[in-house]
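Chemist:
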Amino acid sequence: MERIVIISSGLAGAKTAARIKRQAPSAEVNLVVPIEVEEGSKEGVFGKCNPMAHVSSVLLDAKQISVLPMTSMELDFENKTVHASSPQGCIPIRYTKLIMEIDAAPRLPRAVRGAQNVIPWPLEQAGLVDEWLESYKPQTAVVYGGAHAMSLIDPLVQAGVSVTWARSECAEFDPEFWHVVSDKVEAGTEGKVTVVPMTCGDVTPELTAEGDVRALTCGEASVEGEVFFWADMPRAVHPIVAEQGVDLDPSGFIAVNEDFSCGLEDVHLFGSAVAVKRAEVAGNSKAPYEASSVDTLVAHGRVLSAIALEQPVTWKGSCATSRYQAADCVAFRTGLTQGEAATAGYEPEFVLFEAAPVLAGIHTKAVIKLVCDKATGVVLGAQACGAVDAGWIDGVASGAAVALASNMTVQTLSCVDMAAGGMMLNKAASMLSNKLEERILGITPDELIASREAGAKFFILDLRDQIAWRAGHIQDAYNIPFTQLKKRLQDEVPRFTPLVIVSHNSDIPYSIACYLYGLGATSLYVLDGGMELWPYDLVEG
Numbered sequence: 003m004e005r006i007v008i009i010s011s012g013l014a015g016a017k018t019a020a021r022i023k024r025q026a027p028s029a030e031v032n033l034v035v036p037i038e039v040e041e042g043s044k045e046g047v048f049g050k051c052n053p054m055a056h057v058s059s060v061l062l063d064a065k066q067i068s069v070l071p072m073t074s075m076e077l078d079f080e081n082k083t084v085h086a087s088s089p090q091g092c093i094p095i096r097y098t099k100l101i102m103e104i105d106a107a108p109r110l111p112r113a114v115r116g117a118q119n120v121i122p123w124p125l126e127q128a129g130l131v132d133e134w135l136e137s138y139k140p141q142t143a144v145v146y147g148g149a150h151a152m153s154l155i156d157p158l159v160q161a162g163v164s165v166t167w168a169r170s171e172c173a174e175f176d177p178e179f180w181h182v183v184s185d186k187v188e189a190g191t192e193g194k195v196t197v198v199p200m201t202c203g204d205v206t207p208e209l210t211a212e213g214d215v216r217a218l219t220c221g222e223a224s225v226e227g228e229v230f231f232w233a234d235m236p237r238a239v240h241p242i243v244a245e246q247g248v249d250l251d252p253s254g255f256i257a258v259n260e261d262f263s264c265g266l267e268d269v270h271l272f273g274s275a276v277a278v279k280r281a282e283v284a285g286n287s288k289a290p291y292e293a294s295s296v297d298t299l300v301a302h303g304r305v306l307s308a309i310a311l312e313q314p315v316t317w318k319g320s321c322a323t324s325r326y327q328a329a330d331c332v333a334f335r336t337g338l339t340q341g342e343a344a345t346a347g348y349e350p351e352f353v354l355f356e357a358a359p360v361l362a363g364i365h366t367k368a369v370i371k372l373v374c375d376k377a378t379g380v381v382l383g384a385q386a387c388g389a390v391d392a393g394w395i396d397g398v399a400s401g402a403a404v405a406l407a408s409n410m411t412v413q414t415l416s417c418v419d420m421a422a423g424g425m426m427l428n429k430a431a432s433m434l435s436n437k438l439e440e441r442i443l444g445i446t447p448d449e450l451i452a453s454r455e456a457g458a459k460f461f462i463l464d465l466r467d468q469i470a471w472r473a474g475h476i477q478d479a480y481n482i483p484f485t486q487l488k489k490r491l492q493d494e495v496p497r498f499t500p501l502v503i504v505s506h507n508s509d510i511p512y513s514i515a516c517y518l519y520g521l522g523a524t525s526l527y528v529l530d531g532g533m534e535l536w537p538y539d540l541v542e543g
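Just so we're aligned, residue 3 is where the sequence shown starts under our numbering, counting upward by one.
1. At the level of alpha carbons, what is the spacing between Cys552 and Val215?
2. What did DSSP end up calling Glu4 once you bin it into helix, strand or coil?
3. Identify, in the order they occur along the chain, each residue of the same chain with its Cβ nearer than 6 Å to the Cβ of Val131, setting aside the five sequence neighbours on each side.
4. Decide if Gln160 is buried, meaning its Cβ has at least 16 other Cβ atoms within 10 Å, or exposed.
5. Cα-Cα, which of Asn81, Arg96, Ala26 and Glu4 is closest to Val34?
6. Starting from Lys17 and walking both ways along the alpha helix (DSSP H), at which residues does that stretch end?
7. Ignore the nearest five residues each way along the sequence and tell me which others in Ser184's own chain have a CB closer than 8 Å to its CB.
8. Compare the C-alpha of Ser274 against each of Thr446, Ile104 and Ile510 and name the closest.
9. Comparing C-alpha positions only, which one of Leu406, Val269 and Asp396 sits nearest to Ala421?
10. Return the first residue and the last residue of the beta strand (DSSP E) that Asp375 is part of.
11. Kindly indicate which three-state DSSP category Asn428 falls into: helix, strand or coil?
12. For Gln118, which residues of its own chain have a beta-carbon under 6 Å away from its beta-carbon, when the five flanking residues on both sides are left out?
13. Using 10 angstroms around the beta-carbon of Asp539, count the other beta-carbons present and answer buried if the total reaches 16, otherwise exposed.
14. May I have the straight-line CA-CA distance separating Val380 from Val412, to the nearest angstrom?
15. Whole angstroms are fine: how far does the CA of Phe79 sit from the CA of Met54?
16. Where Ala310 and Leu434 are concerned, what is the direct C-alpha to C-alpha distance, given to the nearest angstrom?
17. Just to check my reading of the structure: His302 and Ala14 have Cβ atoms closer than 8 Å, yes? What is that Cβ distance to the nearest angstrom?
18. Less than 9 Å between the beta carbons of Leu415 and Asp268, yes or no?
19. Taking Cβ positions only, does Ala26 come closer than 9 Å to chain D?
20. State the start and end residues of the unbroken alpha helix (DSSP H) segment that holds Ile395.
21. For Asn119, list the residues DSSP reports as bridge partners.
22. What does the alpha-carbon distance come out to for the pair Ser58 and Val398?
23. Using CA atoms only, rank isn't needed, just tell me which of Ser137, Leu135, Ala107 and Ile6 is closest to Pro124.
24. Could you check whether Val258 and Ser508 sit closer than 9 Å to each other, using their CB atoms as the reference points?
25. Pull up the DSSP beta-bridge partners for Asp326, would you.
26. Would you report the Cα separation of Arg304 and Asn436, rounded to the nearest angstrom?
27. Alpha carbon to alpha carbon, how far is Thr345 from Lys371? Give it in angstroms, no decimals.
28. Helix, strand or coil for Gly303 per DSSP?
29. If you check the beta carbons only, do Leu463 and Val418 fall under 9 Å apart?
30. Look at the alpha carbon of Ala238 and the alpha carbon of Ala430, and state the distance between them as a whole number of angstroms.
31. How far does the alpha helix (DSSP H) with Ser184 in it extend, from its first residue to its last?
32. What are the uninterrupted segments assigned as beta strand (DSSP E) that are 3 or more residues long and contained completely in the segment 199-236, given in chain order?
33. Rounded to whole angstroms, what's the CA-CA distance from Val187 to Val145? Just pull it up for me.
34. Write down every uninterrupted run of the beta strand (DSSP E) in the segment 419-481 whose length is 3 residues or greater and which is fully enclosed by it, in chain order.
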């Protein structure tokens with residue numbers, strides 16, 4: 003008899019078991035669920051922060067699915083047997099196919115492993131943190147890490163703790179976009195969170211005489227706190243890693259193939275510690291693997307159920323979206339970043355702008371970055387961040403995922419009929435299409451400064467109003483308010499000098515650049531991100 007064993011403590015594993023049983027009633031499906039020991043309070047802010055975890059118990063009453071709670075287990079891959087220890091004793095379970103959910107775990111640096119005031123994150127029994135906070139009542143906390151650290155900020159603020167986010171580098175986003183995300187998090191907390199970038203070298207802990215951490219230093223930056231949460235770059239920490247044939251990707255996650263196989267016969271892995279092969283884009287299979295976010299595991303379970311039952315599968319890799327939220331900021335990444343695209347062998351092109359849809363009842367803005375392959379125009383990835391109430395940016399994420407899965411070009415994406423956030427994705431694709439056709443070029447702040455220092459001549463046209471201009475503008479820029487441009491264009495803007503068009507964001511400059519291109523102008527540049535994302539000193543007055 004076909005026996006499929008699923009080892010999982012999450013919703014994705016439970017749904018996968020139910021789906022397999024529904025599609026193959028004659029198969030024996032065993033769901034092995036770890037017993038939660040010392041899980042802590044479920045009523046505190048941390049106990050409630052991950053509703054996706056530990057919910058397989060919903061299937062305890064499901065008919066025809068054997069649910070076995072276990073305290074420990076041993077895996078015999080050679081004999082295809084799971085030896086599960088439960089309150090009833092040790093039970094050997096033979097399988098024809100084994101599906102395992104493996105979660106990422108934090109790895110503390112050796113220097114802080116003995117410290118009593120350092121908490122690794124993510125923590126499987128998150129509710130234990132509530133009991134710790136209740137016992138020690140710290141007033142200040144330092145959170146060290148990248149995007150994974152964002153999940154700590156809201157619960158700590160709700161618990162009345164003053165938070166310093168020691169922001170590390172983050173592979174989830176491109177560097178300039180990561181700066182935007184952290185700035186929006188700090189702005190959205192009304193002074194309750196301070197962000198200190200720690201991206202200029204190694205982070206060194208300063209210890210007290212008792213061996214606890216007093217401060218973290220990185221270059222000239224130093225942060226102090228009573229408790230330190232370490233949420234930097236989780237890894238796959240699981241006995242299966244030591245098995246012959248199981249490989250890790252460069253980020254320390256378990257690398258699996260398109261069928262979620264890992265080098266062990268009839269064993270399939272998924273989970274936040276599993277790096278799934280990305281979908282091939284424009285025939286390029288060198289794109290890096292990606293770890294699965296919690297939100298994508300249920301979708302992966304659908305694919306796994308078909309694979310386990312040897313049904314036809316058309317899935318060709320992951321186009322998953324990683325979504326993070328803290329304070330008044332939500333951020334996501336779908337597909338490749340610009341840096342990852344370059345590493346994978348593409349020649350990436352991008353557009354970065356602050357989007358503000360003109361729709362009834364929508365008044366919030368978000369920053370969008372869209373990346374494509376310069377040679378083919380195929381969409382490679384998207385990043386976006388904005389206020390939590392800018393729910394339309396989830397439409398950007400959905401639209402980008404569809405574009406990636408179908409190898410859509412930016413030219414096609416710009417014409418697809420979409421609503422709400424999708425309209426902003428249309429606009430980004432249209433801007434990017436213009437850049438590819440070299441009708442309008444983008445220029446980053448770094449590129450503008452470097453080009454001018456190398457002797458390049460630009461006419462920087464600032465379209466903002468006089469109030470914004472006097473508050474701060476780029477050195478040697480020339481101001482013509484947008485409303486006066488047509489009247490003053492002929493006499494005040496040179497015809498044969500490369501023109502960099504600047505405003506609050508990139509939206510209006512792209513429209514003006516298209517207008518000028520229609521009049522015959524060439525060498526047109528738009529400042530990526532506009533003045534709201536300009537990171538350097540400005541001239542006032």
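Just so you know, even glycine gets a beta-carbon here, dropped at the ideal spot from N, CA and C.
Modeler: For this structure:
1. This structure gives no information on residue 552, because the portion of the chain shown stretches from 3 to 543.
2. In the structure shown, Glu4 falls within a coil segment according to DSSP collapsed to helix, strand and coil.
3. So the qualifying residues of the chain are Phe48.
4. The residue in question, Gln160, is exposed, as its Cβ has fewer than 16 Cβ neighbours within 10 Å.
5. A check of alpha carbon separations from Val34 across Asn81, Arg96, Ala26 and Glu4 identifies Arg96 as the nearest.
6. Its alpha helix (DSSP H) spans residues Leu13 to Gln25.
7. Contacts found: Trp167, Arg169, Val197 and Pro199.
8. For the options Thr446, Ile104 and Ile510, the alpha carbon positioned closest to that of Ser274 is the one of Ile104.
9. Taking only the C-alpha atoms, the option nearest Ala421 is Asp396.
10. Here the beta strand (DSSP E) through Asp375 covers Ala368 to Asp375.
11. Looking at Asn428 - three-state DSSP - the assignment turns out to be helix.
12. The answer, listed in chain order, is Asp214.
13. Burial state of Asp539 is exposed, judged by a 10 Å Cβ sphere holding fewer than 16 other Cβ atoms.
14. Taking the straight line joining both Cα atoms gives about 6 Å.
15. Confidence at Met54 is low in this model, with a pLDDT of 46, below 50, so its placement is unreliable and the value that follows should be read with caution. Going by the C-alpha atoms only, they are around 29 Å apart.
16. Their Cα atoms are separated by approximately 41 Å.
17. In this structure His302 is in contact with Ala14, their Cβ atoms being roughly 7 Å apart against a cut-off of 8 Å.
18. A distance of 9 Å or more separates the beta carbons of Leu415 and Asp268.
19. Among the protein chains of the structure shown there is no chain D, as only one such chain exists.
20. First-last of the alpha helix (DSSP H) with Ile395: Ile395 to Ala407.
21. Paired residue(s): none; Asn119 is not in a bridge.
22. Because the pLDDT at Ser58 is just 46, under 50, the model does not fix this residue reliably, and the value given afterwards should be weighed accordingly. CA-CA distance, Ser58 to Val398, rounds to 31 Å.
23. Here the closest residue by C-alpha is Ala107.
24. Going by C-beta atoms, Ser508 is not nearer than 9 Å to Val258.
25. The sequence given here places Tyr at residue 326; Asp does not occur at that position. According to the DSSP secondary-structure assignment, Tyr326 is paired through a beta bridge with Ala333.
26. Asn436 has its alpha-carbon roughly 38 Å from the corresponding atom of Arg304.
27. Taken atom to atom, the span from the alpha-carbon of Lys371 to that of Thr345 is near 18 Å.
28. Gly303 falls in the helix class under three-state DSSP.
29. Cβ atoms of Leu463 and Val418: not closer than 9 Å.
30. Going from the Cα of Ala238 to the Cα of Ala430 covers about 36 Å.
31. Per DSSP, Ser184 belongs to the alpha helix (DSSP H) from Pro177 to Ala189.
32. Runs found: 206-209, 215-220, 223-226 and 229-233.
33. Roughly 13 Å between the two C-alpha positions.
34. With a minimum length of 3 residues, the unbroken runs of beta strand (DSSP E) contained wholly in the segment 419-481 fall at 443-445 and 461-464.
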